[in-house]
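Take a look at the structure below.
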Amino acid sequence: MPQTLVSPPRFRPKSVLVWTLVALVGAVSWGVLALSRGEEVSAIWLLAAALGSFAIAYRFYSKFIADRVLRLDDSRATPAERLDDGVDYQPTDRRVLLGHHFAAIAGAGPLVGPVLAMQMGYLPGTLWIVAGVIFAGAVQDMVVLFLSMRRDGKSLGQMARDELGRVGGAAALLAVFVIMIILLAVLALVVINALADSPWGTFSVAMTIPIALFMGFYLQILRPGRVVETSLIGVALLLLAILGGGWIEHSSLADTFTLSPTTLVFCLVGYGFVASVLPVWMLLAPRDYLSTFMKIGTIVLLAVGVLVATPHLNAEAVTSFASSGAGPVFAGSLFPFLFITIACGALSGFHALVASGTTPKLIQKESQVRMIGYGAMLMEAFVAVMALISAAVLDPGLYYAMNAPAGLLGPTVESASQAVAGLGFTISPEELTAAAKAVDESTLVARTGGAPTLAVGMSQIFSDVVGGEGMKAFWYHFAIMFEALFILTTVDAGTRVGRFMLQDMLGNVWKPMGRVNWKPGIWLASAVVVAGWGYFLYVGATDPLGGINQLFPLFGIANQLLAAIALTVATTLLIRSGRLRWAWVTGVPLAWIVTVTLTASWQKVFSADPRVGFFAQRERFSDAIDAGEVLAPAKSMDDMHTVVTNSTVDGVLIILFVALVLTVVVNAAVVCVRAVRSPGSTVSTETPYVASAIETPESRPRTPAGAGTGGGSGPGAGR
């Protein structure tokens, strides 16, 4: 008799006491953050508030979704068990799969978004990260992972096509692919901004490629199965790469590894192509595996550093830029732009591609959806919180000197100091010079993109615990390599996923393109994907207005529109499977993110303020060109024409994205209304129930479920 994972209520005094204490600590911490104005606030309060909220959300809300909404069933065989082929489908230990899933979803967003949003203060960003991940981001990841798993691991686009019909499905497929191109470009741009003119960082990151190749061959050919041994060697080589970067910085080889942004663009495009066409075991898998240690280990060490060093939050709780919308880092008011600037740490559409990609094909038991889907997203939110703390402990003057565009700051530390003073903050030219010297950089002025700021903040926290000022340069470049590794795993994995998607689409037109083992198809599709994100990467690296300032709003809107598609598909499938009473679980965050993204899109397209609206910006620079004027920060007419072109492309892309997403949402609404009016006419797309033969250590007793709820467990469910 099939059984559903529904636990009887248990009230244990010890458990009640523990969770009461967690709730009290979280409540007190939130109270301190909310009420403190003008006095010093320890970063520990922010850390405690977030961790307490995450713990309660995982213990109670994710369990509610697992038991009541999804009705996870460990007696039901997963696709990994039924379709096990040792290649794409394979039951995988939940701990290994958690690491893989986290490495795949965690990219630049949780690192960069909170840093850029710090111009509005630490409190709005903290509230959005915590509330957003609990009620939206982790819910999306968990539900999409479950729905894909129940459908043999189908992709988000394919589920949309199956459920929404040809028009809605085609719109979803096109939107998902084009949005992915934008996301990959901005992720790569963050790496370039971190490594430009930094021989230490460039050498250290470049060395991770041969290290990953060595690990791949070592594990596949030289010492198969020696995972621990390979891991120890890889971590040791990583540390040597960081130390070697310090030696390179002060050697005759420094010029060789001092690369301009445009040179790095071509290097990264070439790497993306190679990583996409090489066998996965050779480069992608070992880099992914190695980066998991770096990602989790570094963030945990950073949290320990905060507990030991107890730094204070130097940023304001809420700045004047939150209401004025005139911030130097990016233009726009708190609503809606905070919610698209901080995307991946709270809610990310990109995650839905992973949750409906490799992960649903590897899950052993349905109960593991909770830990892997909801739990991994909470881990990413924790990364975002740590990034926010790292930026908040910096002196505000240094923060704005690093993140304001070069056109505002000027070419020297003196001009930067004056510009920062004009924003209402103070930092002397000597302090700017000393800050750069402390981390062995020639300058920190206008090091936009968020990654350098995060590295400086991390180095400040780490050096307070280990090594003092003398170790600041080491910790800074360690952080740069950590960030680059963090992001590159998403760039190369995303390029491969984009190649799969393009091959699938072209395969409908020409059959050979759909064969994943046909090398000309692999090379052609990979070239198209890297050319797509490479174009936007080059645009960002050469944009006179500052690439990250210009592209990050487009990135945020695109990513959140992708989340709208994912939540639309999830809500539609919940309704069609007879779970109408629980549709609010995904429907409420869907309504919120559609409101946010449509508002942001409207302002970016139609705002008359050139700092906000792309077309207003285009008109301002076009008029200046006609008048023969060169507007700052452009330095030539070529720069002026570049701004016009980039503004036009960005505005047109937003219109395209919105049109595609609205098509998906409207089609979904029609499907949902039909399903509610004629529930008996709905045909489930779930695969039929098959009993599982796998026993796992974490399996626990289950109580028999009642009658199915349309998509519940049991023979014939979903038929």
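Under this note's numbering, think of the first position of the sequence shown as 5, with each following residue one higher.
Note that CB positions come from ideal geometry on N, CA and C, so glycine has one too.
Because the structure is a prediction, the values reported are computed rather than measured.
Exercise for the section: Taking Trp-34 as part of the alpha helix (DSSP H), name the residues at either end of that continuous run. Expected result: Here residue 34 refers to the residue found at position 30 of the sequence shown. First-last of the alpha helix (DSSP H) with Trp-34: 17–39.
Problem - For Val-26 and Arg-16, the rounded distance between their alpha carbons - result: Walking along the sequence shown from the start, residue 16 turns up at place 12. Walking along the sequence shown from the start, residue 26 turns up at place 22. Approximately 15 Å between the Cα atoms of the pair.
Practice task
Pull up the distance between the alpha-carbon of Met-485 and that of Thr-493, whole angstroms please.
Solution key: In the sequence shown, residue 485 corresponds to position 481, counting from 1. In the sequence shown, residue 493 corresponds to position 489, counting from 1. Met-485 and Thr-493: Cα-Cα distance of roughly 12 Å.
Problem - CB-CB length for Leu-338 against Pro-128, believed under 8 Å - result: The residue given as residue 338 occupies position 334 in the sequence shown. The residue given as residue 128 occupies position 124 in the sequence shown. Yes, they are in contact, since the Cβ atoms of Leu-338 and Pro-128 sit about 6 Å apart, within 8 Å.
Problem - Separation of Ala-636 from Ala-2, as counted between CA atoms - result: Nothing can be reported for residue 2: it is not among the residues displayed for the chain, which extend from 5 to 723.
Practice task
Specify the secondary structure class of Ile-367 as computed by DSSP and reduced to three states.
Solution key: As a first step, residue 367 is located in the sequence shown; it is residue number 363 there, counting from the start. In this structure, Ile-367 counts as strand in the three-state DSSP scheme.
Exercise for the section: Put Ala-408 into one of helix, strand or coil per three-state DSSP. Expected result: Mapped onto the sequence shown, residue 408 falls at position 404. Ala-408: coil per DSSP, three-state reduction.
Handout entry: Terminal residues of the alpha helix (DSSP H) in which Phe-540 lies
Key = For the purposes of this step, residue 540 is identified with residue 536 of the sequence shown, where counting begins at 1. 523–546 is the extent of the alpha helix (DSSP H) around Phe-540.
Exercise for the section: Tell me His-316's beta-bridge partners as DSSP assigns them. Expected result: Position 312 of the sequence shown holds residue 316. Answer by DSSP bridge pairing, in chain order: Ser-46.
Exercise for the section: Evaluate Met-406 with the Cβ neighbour count: other Cβ atoms within 10 Å of its Cβ, from every protein chain shown; 16 or more gives buried, anything less gives exposed. Expected result: Reading the sequence shown from its first residue, position 402 is the one you call residue 406. The residue in question, Met-406, is buried, as its Cβ has 16 or more Cβ neighbours within 10 Å.
Handout entry: Straight-line Cα distance separating Pro-400 from Gly-249
Key = The sequence position of residue 249 within the sequence shown is 245, counting from 1. The sequence position of residue 400 within the sequence shown is 396, counting from 1. If you take the alpha carbons of Gly-249 and Pro-400, they lie about 29 Å apart.
Exercise for the section: Within the same chain, show all residues whose beta-carbon is closer than 8 Å to that of Ser-611, passing over the 5 residues directly before and after it, in chain order. Expected result: Numbered from 1 along the sequence shown, position 607 holds the residue referred to as residue 611. Result list for Ser-611: Gly-617 and Ala-620, in chain order.
Problem - Alpha-carbon spacing of Ala-425 relative to Glu-418, whole angstroms - result: As a position in the sequence shown, residue 425 is number 421, starting the count at 1. As a position in the sequence shown, residue 418 is number 414, starting the count at 1. One C-alpha to the other measures close to 11 Å.
Exercise for the section: Give me the Cα-Cα distance between Ile-60 and Gln-144, rounded to the nearest whole angstrom. Expected result: Translated into positions along the sequence shown, residue 60 becomes position 56. Translated into positions along the sequence shown, residue 144 becomes position 140. The straight-line gap from Cα to Cα measures roughly 18 Å.
Handout entry: 3 or more residues per run - each beta strand (DSSP E) lying fully within the region 610–636
Key = Here no run is fully enclosed.
Exercise for the section: Identify whether Val-10 lies in helix, strand or coil by the three-state DSSP scheme. Expected result: As a position in the sequence shown, residue 10 is number 6, starting the count at 1. Below a pLDDT of 50, predicted positions are generally treated as unreliable, and Val-10, at 48, falls in that range; no measurement from the model is reported.
Exercise for the section: Within its chain, find whatever has a CB closer than 8 Å to the CB of Gln-422; leave out the 5 residues flanking it on each side and keep chain order. Expected result: The sequence position of residue 422 within the sequence shown is 418, counting from 1. Gly-414.
Handout entry: Simplified DSSP state of Pro-719, which is helix, strand or coil
Key = Reading the sequence shown from its first residue, position 715 is the one you call residue 719. For Pro-719, the predicted model reports a pLDDT of 34, less than 50, meaning its position is unreliable; a value from the coordinates is still stated below. If DSSP states are grouped into helix, strand and coil, Pro-719 belongs with coil.
Problem - Asp-654, enclosing alpha helix (DSSP H) - first and last residue - result: Along the sequence shown, one-based indexing puts residue 654 at 650. From DSSP, the alpha helix (DSSP H) with Asp-654 extends over 641–681.
Handout entry: Touch test, the region 686–695 against the region 194–203, Cβ-Cβ under 8 Å, three pairs minimum
Key = no
Practice task
Please classify Arg-804: does DSSP put it in a helix, a strand, or coil?
Solution key: Since the first residue of the chain shown is 5 and the last is 723, residue 804 is not available in this structure.
Exercise for the section: With distances taken Cα to Cα, identify the nearest neighbour of Gly-502 among Thr-437, Val-534 and Ile-491. Expected result: Here residue 502 is taken as the residue at index 498 of the sequence shown, counted from 1. Of the candidates Thr-437, Val-534 and Ile-491, the one whose C-alpha sits nearest the C-alpha of Gly-502 is Val-534.
Practice task
Determine, using beta-carbon pairs with one atom in the region 128–142 and one in the region 345–352, whether at least three such pairs fall under 8 Å.
Solution key: Result yes; three or more Cβ-Cβ pairs closer than 8 Å.
Handout entry: C-alpha distance - Lys-365 paired with Val-573, whole-angstrom precision
Key = To locate residue 365, count along the sequence shown from 1; it is residue 361. To locate residue 573, count along the sequence shown from 1; it is residue 569. Approximately 19 Å, taken between the alpha carbons.
Handout entry: Closer than 8 Å: Leu-357 CB and nearest the ligand SAH heavy atom
Key = By its list of ligands, the structure shown contains no ligand whatsoever, and the ligand SAH lies outside what it can speak to.
Handout entry: Residue from Thr-267, Leu-541, Thr-689 and Gly-161 whose Cα sits closest to the Cα of Phe-559
Key = Taking the sequence shown and counting its residues from 1, the one referred to as residue 559 is at position 555. Out of Thr-267, Leu-541, Thr-689 and Gly-161, Leu-541 has the C-alpha closest to the C-alpha of Phe-559.
Practice task
Determine the direct distance from the alpha carbon of Val-469 to that of Ile-376, and round the result to whole angstroms.
Solution key: Numbered from its first residue, the sequence shown carries residue 376 at position 372. Numbered from its first residue, the sequence shown carries residue 469 at position 465. Cα to Cα, Ile-376 sits roughly 32 Å from Val-469.
Handout entry: CB-CB length for Val-397 against Pro-332, believed under 8 Å
Key = Counting from 1 along the sequence shown, the entry for residue 397 is found at position 393. Counting from 1 along the sequence shown, the entry for residue 332 is found at position 328. Incorrect: roughly 20 Å between the Cβ atoms, too far for contact.
Handout entry: Gly-722 classed as buried or exposed, judged by whether at least 16 other C-beta atoms fall within 10 angstroms
Key = On the sequence shown, position 718 is the one that residue 722 refers to. Only weak support exists for where Gly-722 lies, its pLDDT of 37 falling under 50; the coordinates are left without a value.
Practice task
Evaluate the contact criterion for the region 656–669 versus the region 170–188: three or more CB pairs, one atom per stretch, below 8 Å.
Solution key: yes
Problem - Integer-rounded CB distance, given that Glu-384 should sit under 8 Å from Ala-110 - result: Position 106 of the sequence shown holds residue 110. Position 380 of the sequence shown holds residue 384. Right, the Cβ-Cβ distance comes to about 5 Å (below 8 Å), so this counts as a contact.
Exercise for the section: Could you tell me the distance, in whole angstroms, from the CA atom of Thr-590 to the CA atom of Leu-571? Expected result: Taking the first residue of the sequence shown as position 1, residue 590 is located at position 586. Taking the first residue of the sequence shown as position 1, residue 571 is located at position 567. Whole-angstrom Cα-Cα distance: 6 Å.
Exercise for the section: May I have the straight-line CA-CA distance separating Leu-74 from Val-543, to the nearest angstrom? Expected result: For the purposes of this step, residue 74 is taken as residue 70 along the sequence shown, with counting starting at 1. For the purposes of this step, residue 543 is taken as residue 539 along the sequence shown, with counting starting at 1. Between Leu-74 and Val-543, the C-alpha separation is close to 44 Å.
Practice task
Name, in chain order, the residues that DSSP records as bridge partners for Ala-695.
Solution key: Looking up residue 695 in the sequence shown gives position 691. Partner(s): Arg-80.
Problem - Integer-rounded CB distance, given that Ala-54 should sit under 8 Å from Val-389 - result: Taking the sequence shown and counting its residues from 1, the one referred to as residue 389 is at position 385. Taking the sequence shown and counting its residues from 1, the one referred to as residue 54 is at position 50. Indeed they touch by this definition, with Cβ atoms about 5 Å apart.
Practice task
Assign Leu-51 to one of two classes, buried (16 or more other C-beta atoms within 10 Å of its C-beta) or exposed (fewer than that).
Solution key: Along the sequence shown, read from residue 1 onward, the residue named residue 51 stands at position 47. Under this definition Leu-51 is a buried residue.
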